[in-house]
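Report on one structure; see the data block that follows.
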Amino acid sequence: MDGALPLIWRKFGERYDLDGNKCGTCGTAYFPARAVCPKCRRKGTLVAQKMPKKGKIVTFTELFAGPAGFEHETPYFIAIIELDNKARLLSQVVDSEKEKVKVGARVEKVFRKISDIDPEGPIAYGYKFKVVG
Amino acid sequence: MRNVSIIGYGCTKFGEHWNKSFRQLIAEAGIEAILSAGIEGKDIEALYGGSMASGRFIGQEHIGALIADQLGLNPIPATRVENACASGGTALRSGYMAIKSGEYDMVAVGGVEKMTDVGVEQAAIALGGAGDQETELFHGASFPALYALMARAHMDKYGTTEEQLAAVSVKNHHNATLNPKAQFQREITIETVMNSGYIATPLKLLDCSPITDGAAAVILCESEKAKKLCEQPIEIIASEQTSDTLSLAARESLTETKAAKIAANRAFERAKLKPKDIDFAEVHDCFSIAEILAIEAIGFCEQGQGGKFTEQGNTALDGQIPVNVSGGLKAKGHPVGATGIAQAVEACLQLQGKAEKRQVKDAKIGLAHNVGGSGATCTLHMFKALEGKN
Ligand SMILES: [Zn+2]
Numbered sequence: 000m001d002g003a004l005p006l007i008w009r010k011f012g013e014r015y016d017l018d019g020n021k022c023g024t025c026g027t028a029y030f031p032a033r034a035v036c037p038k039c040r041r042k043g044t045l046v047a048q049k050m051p052k053k054g055k056i057v058t059f060t061e062l063f064a065g066p067a068g069f070e071h072e073t074p075y076f077i078a079i080i081e082l083d084n085k086a087r088l089l090s091q092v093v094d095s096e097k098e099k100v101k102v103g104a105r106v107e108k109v110f111r112k113i114s115d116i117d118p119e120g121p122i123a124y125g126y127k128f129k130v131v132g
Numbered sequence: 000m001r002n003v004s005i006i007g008y009g010c011t012k013f014g015e016h017w018n019k020s021f022r023q024l025i026a027e028a029g030i031e032a033i034l035s036a037g038i039e040g041k042d043i044e045a046l047y048g049g050s051m052a053s054g055r056f057i058g059q060e061h062i063g064a065l066i067a068d069q070l071g072l073n074p075i076p077a078t079r080v081e082n083a084c085a086s087g088g089t090a091l092r093s094g095y096m097a098i099k100s101g102e103y104d105m106v107a108v109g110g111v112e113k114m115t116d117v118g119v120e121q122a123a124i125a126l127g128g129a130g131d132q133e134t135e136l137f138h139g140a141s142f143p144a145l146y147a148l149m150a151r152a153h154m155d156k157y158g159t160t161e162e163q164l165a166a167v168s169v170k171n172h173h174n175a176t177l178n179p180k181a182q183f184q185r186e187i188t189i190e191t192v193m194n195s196g197y198i199a200t201p202l203k204l205l206d207c208s209p210i211t212d213g214a215a216a217v218i219l220c221e222s223e224k225a226k227k228l229c230e231q232p233i234e235i236i237a238s239e240q241t242s243d244t245l246s247l248a249a250r251e252s253l254t255e256t257k258a259a260k261i262a263a264n265r266a267f268e269r270a271k272l273k274p275k276d277i278d279f280a281e282v283h284d285c286f287s288i289a290e291i292l293a294i295e296a297i298g299f300c301e302q303g304q305g306g307k308f309t310e311q312g313n314t315a316l317d318g319q320i321p322v323n324v325s326g327g328l329k330a331k332g333h334p335v336g337a338t339g340i341a342q343a344v345e346a347c348l349q350l351q352g353k354a355e356k357r358q359v360k361d362a363k364i365g366l367a368h369n370v371g372g373s374g375a376t377c378t379l380h381m382f383k384a385l386e387g388k389n
């Protein structure tokens, strides 16, 4: 599933450029983009918007047992990141000193290979984050 | 107003059943339930079967009709119910609603998962289906990782400690030693948990529930009829179900489970009860942190105090509110689709005074809290015993 070409292609905007959207009615930013603002429903006015590339770690974990396709990456960090427009996403945190990966740490987006579960299939790229400062 | 009661129940031993298939497990639990109800198969008008991932685990979908077939119940309507790890709780609620609606008077409800026919890696992929594939699993998050993210957030906000998390597992392992159907029959200590190795920090191996085969079933009946058929029907006095975002990152809070909180509030309102009125609870402790989140959401303790509350022994068998006296998912085992039904079976045993060594004294009202995924589905049921025929 993860290796299906149309799925990878369809996600380019989201996974390469953090394409999301924002509700013009209540101001909430959504990533990934939503079809409906859950707060305003039909009164919402969603417009496409790129997410900021910087944010902070809200919570994190270091995985010592990775799921299929990620076994060789362990140990690695997964975090929930709050971007500077308050939208939150889950991402790996890479290229960072272990001690600096903590709640509240500033992070910025980097572009990386995510997985290649199927050795014959396409490689999925996308965002990861690294600690800055 | 029609009400709904459980008049019979059955549950297999939980564990690694190398010699038993999916259909044998559900047949065993289902037949036990029908016999304990003292009814005949022809009395059952419909069936709901909960299974999270039979397609991934045994390559078999369409299990509603399969279960009816194995129990000799064809041609009754038989429906599979899937809500990840809350499939059992949702099946229970589906049966409850079917009777409540007036369409049926007697319904069989089952839950089953056969998880050990695939390797651990394949099992993890199957369970991963409960999370958001596109925004979580794709990035390398596992299920332990999602709960670890909540655990870290809880520790950061409230000062919850890893030892307090471990106390959940220690208690549930102890309770399981009193339950002959539990997967694990051994005591563990805080040190054993602390030294069991990180899976996803701060969660260690012994913070996680195991891979389990098992099945459970109950027979539901309209309450007036139930009183004529059964000595001590167990009435479902509240049944609630809620949903939240599949993706953890999209939730309003990482330190409380909103779906469970809303379900609990509605259930207490409907049953006209308060948390202090509950005598015991079976909650969804797929990970140690999940039990802490559950007891806070239900209101057994203050928000943020679940770790300390557990560490102080308040949720032990002899504590102020015994939680997971069966051993819980952690130590009784977690055959995902069966879990929600097994919780109801434990409620019946406790309320009928048949829980033997793990019997809660004077148990009058029981509660079951079943969660799908990292909290996107919650079902919450409350039970009390009725006086039936002599
Ligand atoms: Zn809006």
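For the protein sequence lines, the chains are A and B, in the order given.
For the first sequence, numbering that gives the first Met the number 0 begins at 0 and goes up steadily by one.
For the second sequence, numbering that gives the first Met the number 0 begins at 0 and goes up steadily by one.
Every residue, glycine too, gets a C-beta built ideally from N, C-alpha and C.
Look at B:C84 here: in three-state DSSP terms it is strand. When the five nearest sequence neighbours on each side are left out, the beta carbons in the same chain lying within less than 8 angstroms of the beta carbon of A:K53 are those of L82, D83, R105, V106, E107, K108 and V131, in order along the chain. Under the three-state reduction of DSSP output, B:H16 falls in the coil class, being neither helix nor strand.
Here A:L4 is exposed: its Cβ has fewer than 16 other Cβ atoms, across all protein chains shown, within 10 Å.
Any heavy atom of ligand 1 within less than 5 angstroms of a residue's beta carbon puts that residue on the list, which reads A:C22, A:T24, A:C25, A:C36, A:K38, A:C39 and A:G43.
Using a C-beta cut-off of 8 angstroms, the region 216 to 232 of chain B makes contact with the region 332 to 352 of chain B, since at least three inter-stretch Cβ pairs fall below that distance.
When only Cα atoms are considered, B:C285 and B:I235 end up about 24 angstroms apart. Taking the C-beta atoms as reference points, B:I297 is found no nearer than 8 angstroms to B:P321. Shown here for A:C39: same chain residues with a beta carbon closer than 8 angstroms to its own, the five before and five after excluded, namely C22, T24 and C25 in chain order. Looking at the backbone, the Cα of A:L6 and that of B:T244 are separated by about 21 angstroms. Under the three-state reduction of DSSP output, B:I233 falls in the strand class. The Cβ of B:A123 sits closer than 8 angstroms to at least one Cβ of chain A. In summary, the residues of the region 82 to 106 of chain A whose CB is separated from some CB of chain B by less than 7 angstroms are R87, L88, L89, S90, Q91 and V102, in the order they occur in the chain. Scanning B:H61, B:H333 and B:K113 for the CA closest to the CA of B:I25 turns up B:K113. When rounded, the separation of the alpha-carbon atoms in B:K203 and B:L164 is 10 angstroms. Annotation: A:A32 to B:G139 spans about 21 angstroms, alpha carbon to alpha carbon. When Cβ-Cβ separations below 8 angstroms define contact, A:T58 makes contact with chain B. Fully enclosed beta strand (DSSP E) runs of no fewer than 3 residues occupy 213 to 221 and 233 to 242 of the region 203 to 278 of chain B, in order along the chain.
Among the bridge pairs identified by DSSP, A:K21 is matched with A:A28 and A:V46. In this structure, DSSP gives B:G139 a state outside helix and strand, which the three-state scheme calls coil. Taking the Cα of A:I80 as reference, the smallest distance to any Cα among A:R111, A:T27, A:Y126 and A:G12 is reached at A:Y126.
Residue state for B:T309 is assigned as helix, using DSSP reduced to three classes.
The C-beta separation of B:K170 from B:A315 comes to about 6 angstroms, placing the pair in contact by the 8 angstroms criterion.
With fewer than three CB-CB distances shorter than 8 angstroms, the region 103 to 112 of chain B does not count as touching the region 352 to 366 of chain B. At a cut-off of 8 angstroms between beta carbons, B:E135 contacts chain A. In the structure shown, A:F59 adopts extended strand secondary structure according to DSSP, grouped into three states.
Counting only Cβ-Cβ distances below 7 angstroms, B:E120 has contacts in chain A at A67, in chain order. Here B:A199 is near A:T60, since their CB atoms are less than 8 angstroms apart.
Bridge pairing for B:T378: B:Q240 and B:N369 [DSSP]. In terms of beta-carbon proximity, B:D155 lines the interface with chain A, with at least one pair separated by less than 8 angstroms.
In chain order, I33, L72, I75, M105, V106, A107 and I218 place their CB closer than 8 angstroms to the CB of B:I43, counting only its own chain and leaving out the 5 sequence neighbours on each side. Taking 8 angstroms as the cut-off, the beta carbon of A:M50 is found no closer than this to the beta carbon of A:G12. Note on geometry: alpha-carbon atoms of A:F69 and A:I122 lie some 13 angstroms from one another. Each of B:E295, B:S4 and B:S195 was checked against the Cα of B:K99, and the nearest Cα belongs to B:S4.
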